[in-house]
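Each residue of the sequence shown is one higher than the one before, starting from 1089 at the first, in my numbering. Okay, so here's the structure we're looking at.
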Amino acid sequence: MIRFLDILFSALGLLFGFPVLVILTLIGLFDSGSPIFRQERVGQHRKSFALVKFRTMYKDTASVASHFASSASITPFGSFLRKTKLDELPQLWNVLKGEMSLVGPRPNLFNQVELINAREVLGVYGVRPGITGLAQIKGIDMSTPEVLAKTDAEMITTMSVSNYFKYIFLTAVGKGQGDRVGGQ
């Protein structure tokens, strides 16, 4: 049922959100010169996939977890995108393709070994990663790998259609802070 909802909502989001995506892409073009950001992430069963987002950091920023990046790396428009969580919109494409879900553990980088090990032990990689989830609602990010992995595992064991909608709703109304950036 959740996969059906993912397909339905991501397709509708891309269709009706297309004008917003175009406008954000054009503004991002002037902000950073390269508005779309692709990065290899760890997906379901630890398979690699290219996560798509709007670029919020300058092009030459190192590929590290957000909490290791300098806040000076964030572009002016990127700051707005992060605050409004609009930088996540292109991930609807990842959801439609089946690489992600709307709700699930946030996909991590391959260099986040501590988080990978903690998630592996708890079976977190058995599900599709998501755009939002329990950890995001609680303001837990990848800077605390053990806590994040435990929260992800809790979300997975308690996942239901009602929790799916609850996490999406709470994200839409601004609950949670997203990933911290170093210096914030």
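Each residue gets a CB set at the ideal place from its N, CA and C atoms; glycine is no exception.
Helix, strand or coil: which one does DSSP assign to Glu1187? Coil, per DSSP.
Using only the alpha-carbon positions, how far apart do Pro1217 and Ile1115 sit? 28 Å
Does the beta-carbon distance from Tyr1146 to Ser1161 come in below 7 Å? yes
Measure the CB-CB distance between Gly1101 and Leu1180 and report whether it falls below 7 Å. yes
Count Cβ pairs between the region 1230-1241 and the region 1166-1173 that sit closer than 8 Å; are there 3 or more? no
Closest by C-alpha distance to Phe1142, when choosing among His1133, Gln1132 and Lys1173: When only C-alpha atoms are compared, the closest one is Lys1173.
Which same chain residues, not among the five before or five after Phe1125, have their C-beta less than 6 Å away from its C-beta? Lys1141 and Arg1143
Give me the Cα-Cα distance between Met1243 and Asp1148, rounded to the nearest whole angstrom. 35 Å
Which first and last residues belong to the beta strand (DSSP E) in which Ile1124 is found? Ile1124 to Val1130
Rounding to the nearest angstrom, what Cα-Cα distance links Val1183 and Ser1120 in this structure? 25 Å
Measure the C-alpha to C-alpha separation of Leu1038 and Tyr1255 and round it to an integer number of angstroms. Here the chain comprises residues numbered 1089 to 1272, so residue 1038 is not present and cannot be evaluated.
Considering only the beta carbon of each residue, do Glu1187 and Gly1131 sit closer than 7 Å? yes
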